[in-house]
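Single-structure report; data block below.
Chains as they are written, first to last, in the working numbering: chain A, 75 to 504; chain B, 3 to 286.
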């Protein structure tokens, strides 16, 4: 015991020293603006304190680990090598229950007394990310094709609606399917040059696609408005009813027709409900697709492309369709985003967004739809909750991400739920 | 006599300067088990890869004669289409879809037919009747093979969690779910114990008898090959060196030479003499 403590102490002292070295530029030096301009000042005591904190902290973690592993060793252990019996029927039941629960919650949320503008707004953001996550989940989670440039489809969907509505005057409901189709078309286009690529190369090309899309949008001033973006995008209407205080010409407003007094909350609720129905529709479609030959072919492609070919599955068709369907969902999300903001600019479609969407898919557990929902909640809500931490909130966010990946390396829901079970259809055999 | 189900003539496969397969002719017939044997590196798997569309042969003719239909030249098809014409294979190192269940593996094998019935997803998405019937038929076919290959207890398990021998059976079941005319098996007995190998032999003969399909087999287990094959082709260094019934192959000098090597002229009498002496010594 004494030896292990000594060992831990040695490691912690080294850790503390490294922390102090790192702390010199990060914490030890700071700038103050005085009459003479910016002046660098020092605070060496902070450096020492950070070293001490790392020392104590790492020692505590090491000791805690020892205690935990000792306790684990004391427990009656499973025989080595035997896996616990998988109970995926239970997992399936639990996730079904969770899905129903969260759907009911999401539907009733806008009508709850406590839901205000802020909750509606954050809720809508979560739903956009759920939709994006579901789209990327088709490509990455089901078909196993990495895509680091998914934001491109989001941007294409958003700009499709922005340009169609401002130049041709088409409304949201006409442009929604169009945006999806255009994004799907680009998805199919993207899949062509990358059919033979895999791994790192695939990652680089898709990353490039995302950046190329953003840079084209940024520079094609006459068509996309360049860095200034496009404003004046019409808001969605409900069967021709507008949610604005003064509806645009030719439209009547919701509050005039229904007699409910005007409130901006209604518009936010309406947007939220649109996003929710998009998400529910997407979830239903993907759930169905998974049990169809096309979805099974995607998963088979992820598992073993060579075996796919030997069974007569055309890998090209599978890849193209996976990118197209994923891109289409991204396009829907983009179209909705543009309608919600009323304004689009290239700044909304940076690589950071791609990374966040990918984080949602990986964090949720590749291929799991419920996982996407949970991860999207987590990714959007955590920075919101962390607002109190101000500048440190991205650090908190990062630590939380690392913690989850350490505890659950396969994502929150890593267990795949089979699309069909022989045991459950046996009874009706003719 | 009818044309054989598969006839391969002058198959040559070159990788740069290396000639892996050199002018091989072979045939496989319906309702027969044909074996392809040869020492390691003889080019057996290369022949399989050419046959099943994974390689484009440098030259040669691979003709599939389907009953009542025009013959197909397999070497002209895109790789993934070979199995659509009725030639399906298994792999030396099993290639299942490990994270999908056994049943799902078998349903993926029926992709081509189901895809048409599902109208590329549209009919399936809204659950039209035609699709539902097709799906039910597919499940019934999968269930048939699950029961036939004794996989009922593991039907809902992920294929990757199964033992080696069971995975072999799943792979054969999956191949049979494509409704093949010719089933090509690449070392199906590799990694099986003698008992499992015996079961496999019975299974293959059973499939041949029940469905009348042709089976083409690469195998190193001579007990299995000699026991179930109707005809055997032997290749060495990419060339075919013998062809015949198991009895003929067993006594073929070139085959024995290929497998056991050729003793040096001078050593041979010495070995024989030693052997004789040893036997006599034992008797005395």
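Even glycine gets a Cβ: it sits at the ideal position worked out from N, Cα and C.
From what residue to what residue does the beta strand (DSSP E) around residue 104 of chain A run?
103-108
So which residues of chain A does residue 103 of chain B contact, with C-beta pairs closer than 7 Å?
492
Can you say whether residue 188 of chain A is buried or exposed, counting buried as having 16 or more other CB atoms within 10 angstroms of its CB?
exposed
Rounded to whole angstroms, what's the CA-CA distance from residue 143 of chain B to residue 137 of chain B? Just pull it up for me.
10 Å
So residue 223 of chain B is in the alpha helix (DSSP H); what residue range does that whole segment cover?
No alpha helix (DSSP H) holds residue 223 of chain B; DSSP gives it neither H nor E.
Based on the DSSP output, what are the partners of residue 8 of chain B in its beta bridges?
Answer by DSSP bridge pairing, in chain order: B/30, B/66.
Who are residue 186 of chain B's beta bridge partners in DSSP?
Its beta-bridge partners are B/91, B/218.
Report the residues of the stretch 385-402 of chain A with a CB closer than 7 Å to any CB of chain B, ordered along the chain.
Close to chain B, meaning a Cβ-Cβ distance shorter than 7 Å, are the following residues of the stretch 385-402 of chain A: 385, 386, 387, 388, 389.
Mind listing the chain B neighbours of residue 359 of chain A? Cutoff is C-beta to C-beta under 9 Å, in chain order.
In chain order: 127.
With a threshold of 16 other CB atoms inside 10 Å of the CB of residue 388 of chain A, please say whether the residue is buried or exposed.
buried
Checking the sheet assignment: what are the DSSP bridge partners for residue 246 of chain B?
B/234
Ordered along the chain, which non-local residues of its own chain (more than five positions away) have a Cβ less than 8 Å from that of residue 156 of chain A?
Because the pLDDT of residue 156 of chain A is 42, which lies under 50, any placement of that residue in the model is unreliable, and the number read from its coordinates should be weighed accordingly. Hits under 8 Å: none found.
With DSSP as the reference, label residue 24 of chain B as helix, strand or coil.
strand
Whether residue 180 of chain B touches residue 369 of chain A by CB criterion (8 Å):
no
For the alpha helix (DSSP H) holding residue 412 of chain A, just list the boundary residues, first then last.
389-415
Assuming residue 188 of chain B and residue 77 of chain B are in contact, meaning their beta carbons sit under 8 Å apart, how far apart are those beta carbons, in whole angstroms?
About 19 Å separates the CB atoms of residue 188 of chain B and residue 77 of chain B; that is not less than 8 Å, and the two are not in contact.
What's the C-alpha gap between residue 391 of chain A and residue 24 of chain B?
The straight-line gap from Cα to Cα measures roughly 35 Å.
Name the chain D residues whose beta carbon is nearer than 8 Å to that of residue 54 of chain B?
Looking at the structure shown, chain D is missing, and the protein chains on hand are A and B.
Counting Cβ pairs, one atom from each stretch, are 3 or more of them under 8 Å apart for the stretch 398-409 of chain A and the stretch 195-212 of chain A?
yes
Give me the DSSP bridge partner(s) of residue 116 of chain A.
A/103
Between which two residues does the alpha helix (DSSP H) harbouring residue 434 of chain A extend?
Counting along the chain, the alpha helix (DSSP H) containing residue 434 of chain A begins and ends at 425-438.
Extent of the continuous beta strand (DSSP E) run through residue 98 of chain B:
In the DSSP assignment, residue 98 of chain B falls outside any beta strand (DSSP E), carrying neither H nor E.
Measure from the alpha carbon of residue 446 of chain A to the alpha carbon of each residue in A/215, A/83, A/220, then state which is nearest.
A/215
What's the C-alpha gap between residue 243 of chain A and residue 237 of chain A?
9 Å
So for residue 111 of chain A, helix, strand or coil by DSSP?
strand
Distance between residue 248 of chain A and residue 129 of chain B (C-alpha atoms, nearest Å):
Rounded to whole angstroms, residue 129 of chain B and residue 248 of chain A show a C-alpha spacing of 26 Å.
Measure from the C-beta of residue 366 of chain A to each C-beta in chain B and report whether the shortest distance is under 8 Å.
So yes, residue 366 of chain A belongs to the interface.
Indicate whether at least one CB of chain A lies closer than 8 Å to the CB of residue 190 of chain B.
no
Residues bridged to residue 241 of chain B [DSSP beta-bridge criterion]:
DSSP lists B/238 as partners of residue 241 of chain B.
Is the distance from the Cβ of residue 205 of chain A to the Cβ of residue 356 of chain A below 8 Å?
yes
The alpha helix (DSSP H) with residue 37 of chain B in it runs from where to where?
Counting along the chain, no alpha helix (DSSP H) covers residue 37 of chain B; the unbroken beta strand (DSSP E) around it starts and ends at 35-39.
is_contact[residue 114 of chain B, chain A] using C-beta, thresh 8 Å:
yes
Residue 278 of chain A, DSSP secondary structure in three states
helix
Look at the Cβ atom of residue 328 of chain A, then the Cβ atom of residue 312 of chain A, and state whether they are nearer than 8 Å.
yes
Inter-stretch contact at 8 Å, needing at least 3 Cβ pairs: the stretch 90-105 of chain A / the stretch 114-128 of chain A
Counting Cβ pairs under 8 Å, three or more are found: they touch.
Would you kindly work out how many angstroms separate the C-alpha atoms of residue 403 of chain A and residue 273 of chain A, rounded to a whole number?
24 Å
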